[in-house]
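Reviewing the structure listed below.
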Amino acid sequence: MQNSESATVAVVLPGTGSDAHFADRAFRAPLAALGVRIVAIEPDPRRVVDGYLDAMDRAADTHGRIIVGGVSIGAAVALQWAAENPDRTVSVLAALPAWIGSADDAPAAASARFTAAQLRSEGLEAVIAAMLASSPAWLGAELERSWRSQWPDLPAALDEAASYHSLSESALQAVGIPVGIASAVDDPVHPAAVAQAWANALPRGAVATTTLDMIGRDPAVLGATCIKALAAIESDTTASACKKPCY
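Spelled out as structure tokens, the structure:
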């Protein structure tokens with residue numbers, strides 16, 4: 054993993070409506086194998102993005118240069134912080150990026166807006182019941198736990214995520230930090246094309262792939278896939294080869 058010897062701590066951020074429990078399971082074991090301790094941040098549904106940025110600031114103030122990462126919007130906010138703090142960042146672990154720039158046409162943002170509206174009109178219990186009926190069992194269990202923990206502020210958190218402006222393509226092109234990206238090839242909410250677009254724009258970005266079924270069986274697949282992508286950057290392959298998905 055890129056410069057892992059210079060970082061002992063990684064800060065990892067959950068995705069929209071998710072929680073520190075899932076982020077911890079996604080990253081802890083793969084990073085522990087490299088001797089890196091993780092700090093999984095519990096989102097404050099009243100100020101998700103600012104809470105994440107504050108947490109990374111605190112960790113860097115305490116530990117020096119850190120690894121940052123996350124899932125979905127957590128990955129986007131981690132990359133934003135890294136772009137603004139290159140001297141305090143070792144590398145970025147970006148799992149399931151959801152969009153570039155504006156979220157207007159992103160499936161993940163549309164899903165968040167819809168869920169927020171349903172929660173306000175139907176209430177938590179009805180929306181959870183509908184979600185459980187339409188989701189894979191593992192995802193339903195994860196979301197039921199995290200949604201209950203963030204209620205009654207969950208709709209505001211979802212709306213905040215849906216309005217988040219991720220780094221633009223030109224901003225990505227200016228990020229010199231290595232970024233390992235995990236993409237699930239069968240995830241319609243976090244399209245594989247977005248992950249590839251991140252890698253194409255980033256000077257030191259690479260993609261490795263997994264599937265939703267594999268994530269459901271073991272969330273640590275996400276962290277391991279990000280680390281696999283970082284390894285492609287470290288390897289002796291050409292720059293163009295590093296832009297290709299690693300299977």
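Going by the working numbering, the sequence shown opens with residue 54, and the numbers climb by one from there.
Where a beta carbon is used, it is the ideal one built from N, C-alpha and C, also for glycine.
Everything numeric in this text was worked out from a predicted model, so none of it was measured.
Euclidean distance between Cα positions of residue i and residue j
i	j	result
P272	A79	5 angstroms
A209	S236	27 angstroms
V65	S221	22 angstroms
S206	S288	The sequence as given places Asp at residue 206; Ser does not occur at that position. So the two alpha carbons sit approximately 44 angstroms from each other.
A163	A215	7 angstroms
L275	A179	30 angstroms
S187	T262	24 angstroms
V228	A76	24 angstroms
V89	P231	17 angstroms
E58	L84	Here E58 scores only 45 on pLDDT, less than 50, and its place in the model should not be relied on; the value that follows carries that caveat. Roughly 12 angstroms between the two C-alpha positions.
T61	V143	10 angstroms
R111	S71	22 angstroms
D157	A245	18 angstroms
R173	A73	24 angstroms
G104	V121	14 angstroms
I286	E175	47 angstroms
R118	N138	10 angstroms
C299	P256	Per-residue confidence for C299 stands at a pLDDT of 49, beneath the threshold of 50, marking its modelled position as unreliable; the derived number appears in the next sentence. Approximately 17 angstroms between the Cα atoms of the pair.
Nearest neighbour of residue i, chosen from the options [CA to CA]
i	options	result
A190	D77, A282, G269, V228	G269
G154	I126, T168, R173, R99	I126
S199	G68, F167, A227	G68
L265	P139, A285, V228, L192	L192
T278	Q133, D140, G123	G123
A82	I280, A284, I286, A285	I280
L225	V62, V130, D103, Q203	V130
A128	G176, E197, T115, V247	V247
A86	A63, G258, R99	A63
V102	S219, G176, I286, L255	S219
A284	G117, V145, I119, R141	V145
P98	I181, E213, I119	E213
R100	W251, Y217, R257, I286	Y217
S223	R201, R118, M267, W251	W251
Sub-8 angstroms separation of residue i and residue j beta-carbons
i	j	result
V242	A170	no
D240	L149	yes
I94	A108	yes
I234	A147	yes
W204	L177	yes
A282	A259	yes
L211	E197	no
A165	R141	no
One or two residues paired with residue i in a DSSP bridge
i	result
S236	T262
L66	G123
What are the uninterrupted segments assigned as beta strand (DSSP E) that are 3 or more residues long and contained completely in the segment 89–133, given in chain order?
90–93, 119–124
Give the list of continuous alpha helix (DSSP H) stretches no shorter than 4 residues that lie fully inside the segment 140–179.
160–175
Going along the chain, which unbroken runs of the alpha helix (DSSP H) with 4 or more residues stay wholly within the segment 173–235?
177–187, 190–203, 207–215, 222–225
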